[in-house]
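Position 26 of the sequence shown, counted from 1, bears residue number 30 in our numbering, the numbering being contiguous throughout.
Glycine is no exception: its CB is placed at the ideal position from the N, C-alpha and C atoms.
Quantities reported herein were computed from a predicted structural model and do not represent experimental measurements.
Heads up: the structure comes next, in structure tokens.
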Amino acid sequence: MSDRESFGSVLDEAVAIAGRWLAGTRDGPIPPSADIEQVKDALGRTLPERGPAPEDVLRRIAAGIEPGLMRIGSPRFHGWVMGGTQPVALGADWLVGAWDQNAGLRTVTPGVVAAEELAASWLVDLFGLPATAEVGFVTGATVASLVGLVAARDEVLRRAGWDAAERGIAGGPRVRFLVGAERHGSVDSAGLVIGLGRARVVEADEQGRMRPDALRAALADDSGPAIVCLQAGNIHSGAFDPLDELIGIAHDAGAWAHVDGAFGLWAAAAPGLRSLTAGLGKADSWATDAHKTLSTPYDCGIAAVADAGALHRAVAQHAAYLASSAGVADPADRVLELSRRARGVPVYAALAQLGRQGVADLVQGLADAATVIAEGIRAIPGAEVLNDVVYTQVCAAFGSDDRTRAVGEALLAEGTALASPSSWHGRAVLRFSVSNWLTDAEEAGRTVAAVRRAVDTTA
Ligand SMILES: *Cc1c(COP(=O)(O)O)cnc(C)c1O
Numbered sequence: 005m006s007d008r009e010s011f012g013s014v015l016d017e018a019v020a021i022a023g024r025w026l027a028g029t030r031d032g033p034i035p036p037s038a039d040i041e042q043v044k045d046a047l048g049r050t051l052p053e054r055g056p057a058p059e060d061v062l063r064r065i066a067a068g069i070e071p072g073l074m075r076i077g078s079p080r081f082h083g084w085v086m087g088g089t090q091p092v093a094l095g096a097d098w099l100v101g102a103w104d105q106n107a108g109l110r111t112v113t114p115g116v117v118a119a120e121e122l123a124a125s126w127l128v129d130l131f132g133l134p135a136t137a138e139v140g141f142v143t144g145a146t147v148a149s150l151v152g153l154v155a156a157r158d159e160v161l162r163r164a165g166w167d168a169a170e171r172g173i174a175g176g177p178r179v180r181f182l183v184g185a186e187r188h189g190s191v192d193s194a195g196l197v198i199g200l201g202r203a204r205v206v207e208a209d210e211q212g213r214m215r216p217d218a219l220r221a222a223l224a225d226d227s228g229p230a231i232v233c234l235q236a237g238n239i240h241s242g243a244f245d246p247l248d249e250l251i252g253i254a255h256d257a258g259a260w261a262h263v264d265g266a267f268g269l270w271a272a273a274a275p276g277l278r279s280l281t282a283g284l285g286k287a288d289s290w291a292t293d294a295h296k297t298l299s300t301p302y303d304c305g306i307a308a309v310a311d312a313g314a315l316h317r318a319v320a321q322h323a324a325y326l327a328s329s330a331g332v333a334d335p336a337d338r339v340l341e342l343s344r345r346a347r348g349v350p351v352y353a354a355l356a357q358l359g360r361q362g363v364a365d366l367v368q369g370l371a372d373a374a375t376v377i378a379e380g381i382r383a384i385p386g387a388e389v390l391n392d393v394v395y396t397q398v399c400a401a402f403g404s405d406d407r408t409r410a411v412g413e414a415l416l417a418e419g420t421a422l423a424s425p426s427s428w429h430g431r432a433v434l435r436f437s438v439s440n441w442l443t444d445a446e447e448a449g450r451t452v453a454a455v456r457r458a459v460d461t462t463a
């Protein structure tokens with residue numbers, strides 16, 4: 005392909021394919037129709053000696069892969085906690101690919117770093133984090149928690165007189181790692197990776213919120229450096245840990261408070277929901293996602309740490325060949341990656357387009373749609389909503405566990421709405437997450453209608 009113009013026709017083909025796919029976002033069937041083996045067959049399993057023209061490759065991968073795609077962008081996709089993508093964020097993401105900048109260093113790629121720094125400062129403002137907080141753009145909330153927790157680990161050790169950067173962690177004081185009974189599993193993984201071992205589990209209440217008395221007792225039980233991992237947004241109930249009180253208890257015991265708010269941190273940006281996050285800004289580190297609530301494309305997570313020095317000491321890279329900026333932190337000083345795509349640019353784009361009010365409306369709209377789904381399900385004979393619907397999550401049961409599972413299967417088979425099967429507090433549930441910018445009251449009503457049909461077919 006020596007033709008310099010070839011970008012044009014290849015990208016035109018990509019735009020045409022994407023346009024056809026995206027046109028089905030609202031009304032196309034949600035679940036995939038092909039499985040992995042079928043997709044591999046369609047793509048061709050043998051590495052060719054030489055391949056066809058790039059446009060032909062794109063057409064082949066579209067034809068092969070699209071039957072195996074889940075329409076996560078559908079306004080009635082309520083599986084797990086996944087978001088769709090807004091046009092402006094997708095457009096910006098395409099530009100990030102076209103520009104192909106290595107976003108690790110300020111002086112090398114000032115354009116994208118500037119946009120990411122603006123997005124970072126807007127996020128700090130929207131979430132009500134301390135002005136000292138620094139933000140790193142990572143692949144998702146799992147890695148965002150990893151970044152927050154590694155800064156936490158080294159800092160609580162430093163305060164205990166142990167320099168982990170110099171000596172490693174073996175032989176140092178044991179760091180106590182406390183999590184709520186209903187934390188997300190990503191927090192355990194992050195703790196294991198950084199050598200904290202199995203977390204001590206602190207009891208939660210009936211909505212899955214960590215209990216302050218239980219945290220106080222767990223901290224009093226032992227001494228030494230400690231990290232407390234709190235949650236803003238429980239994946240089953242949407243509940244928020246009582247952050248203000250829990251952070252106070254953690255700090256009184258000298259512990260670092262980290263908040264996993266993969267989708268819940270965004271409640272702080274909506275005045276009608278902000279009280280759920282009271283005290284949030286007093287924590288020491290936070291993890292959230294842009295690819296869920298903000299509806300930017302995968303993959304984009306956000307790590308924030310109040311004590312920038314602690315963050316830099318834990319993750320910054322130092323090498324003479326890197327054109328590091330004297331006295332100012334580089335993006336690579338805030339995350340574990342050096343080379344990475346400028347995934348903060350789609351965040352900038354989404355925030356610039358929505359504005360403060362638009363973000364508030366987006367988040368409030370998701371919570372309102374969840375209320376519509378909950379009320380609609382409660383009105384179905386034999387159906388129950390098991391959680392207090394305070395945010396974006398609805399956990400429903402339809403009689404026996406078998407019946408609940410059958411309703412989930414019928415819903416999936418029809419394909420107009422999707423919820424994920426799970427179990428919560430010992431019961432099978434169908435969990436509806438509302439994390440897509442397109443889900444409004446009308447779409448929520450269509451989801452309820454689909455649930456009613458699924459209930460009728462399983463009667
Ligand atoms: C989704 C989620 C995570 C993990 O986020 P990824 O972006 O998938 O890494 C962590 N915590 C909670 C509460 C989540 O909902």
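Residue i versus the options, residue with shortest Cα-Cα distance
i      : options                        : result
Gly83  : Gly268, Ala164, Val398         : Val398
Ile231 : Ala364, Asp337, Arg171, Ala164 : Ala164
Thr136 : Ala401, Gly412, Asp45, Ala308  : Ala308
Arg345 : Ala20, Glu70, Thr113           : Thr113
Ala287 : Gly252, Leu99, Thr300, Ala294  : Gly252
Gly359 : Trp126, Arg162, Gly176         : Trp126
Gly348 : Trp98, Ile65, Pro58, Arg30     : Trp98
Val319 : Val147, Ser37, Met86           : Val147
Ser241 : Ala218, His255, Asp209         : Asp209
Val452 : Thr408, Glu379, Ile34, Arg64   : Glu379
Asp444 : Val455, Gly115, Arg317, Ala374 : Ala374
Ser13  : Ser37, Arg63, Ser404, Leu47    : Arg63
Gly237 : Gly403, Arg187, Trp260, Ala310 : Arg187
Gly176 : Gly189, Asp158, Gly184, Ala185 : Asp158
Ser343 : Leu109, Met74, Pro58           : Leu109
Ala388 : Ala218, Asp245, Asp405         : Inspection of the sequence shows that residue 388 is occupied by Glu rather than by Ala. That would be Asp405, whose Cα lies nearest to the Cα of Glu388.
Pro35  : Ser424, Gly449, Ala432, His429 : Ser424
Pro229 : Val117, Ile173, Ile381, Val61  : Ile173
Ile239 : Leu355, Gly184, Arg456         : Gly184
Residue burial classification, residue i (beta-carbon count within 10 angstroms, cutoff 16)
i      : result
Arg8   : With a pLDDT of 47 at Arg8, under the threshold of 50, the modelled position of that residue is not reliable, and no figure is offered here.
Gly23  : exposed
Met5   : For Met5, the pLDDT reaches just 47, beneath the cut-off of 50, and the residue's location in the model is therefore unreliable, although a value from the coordinates is still provided. Met5 is exposed by the Cβ-count criterion.
Thr50  : exposed
Leu170 : Per the sequence presented here, residue 170 reads as Glu, with Leu not at that position. Exposed, by the Cβ-count rule.
Thr111 : exposed
His322 : exposed
Asp167 : exposed
Asp293 : buried
Gly144 : buried
Gly331 : exposed
Gly77  : buried
Gly386 : exposed
Pro52  : exposed
Arg54  : exposed
Lys44  : exposed
Asp16  : exposed
Val19  : exposed
Gly412 : buried
Gly276 : exposed
Ser37  : exposed
Asp334 : buried
Beta-bridge partners of residue i, as assigned by DSSP
i      : result
Ala423 : His82
His262 : Cys233, Ser289
Leu182 : Arg204, Val232
Cys399 : Arg435
Val142 : Gly305
Phe267 : In the DSSP output, where bridge partners are listed per residue, Phe267 has none listed.
Trp166 : Paired residues: none, contrary to the question.
Glu41  : In the DSSP output, where bridge partners are listed per residue, Glu41 has none listed.
Phe131 : Paired residue(s): none; Phe131 is not in a bridge.
Trp428 : Arg431
Val389 : Ala400
Met214 : Ala208
Phe244 : Ala236
For residue j and residue i, believed in contact at Cβ under 8 Å, the rounded distance
i      : j      : result
Asp264 : Ala224 : Between Ala224 and Asp264 the Cβ distance is about 24 Å, and since that is not below 8 Å, they are no contact.
Ala123 : Val351 : 4 Å
Ala438 : Leu370 : With the sequence shown as reference, residue 438 is identified as Val, and Ala is not the correct amino acid for it. 5 Å between Cβ atoms; contact.
Ile198 : Val128 : No, Ile198 and Val128 are not in contact; Cβ-Cβ is about 24 Å, not under 8 Å.
Asn440 : Phe81  : 6 Å
Arg338 : Gly140 : 3 Å
Leu219 : Val206 : 5 Å
query: Residues with a Cβ closer than 6 Å to any heavy atom of ligand 1, in chain order?
result: Val85, Gly144, Ala145, Thr146, His188, Ser190, Gly237, Ile239, Asp264, Ala266, Phe267, Asp293, Gly305
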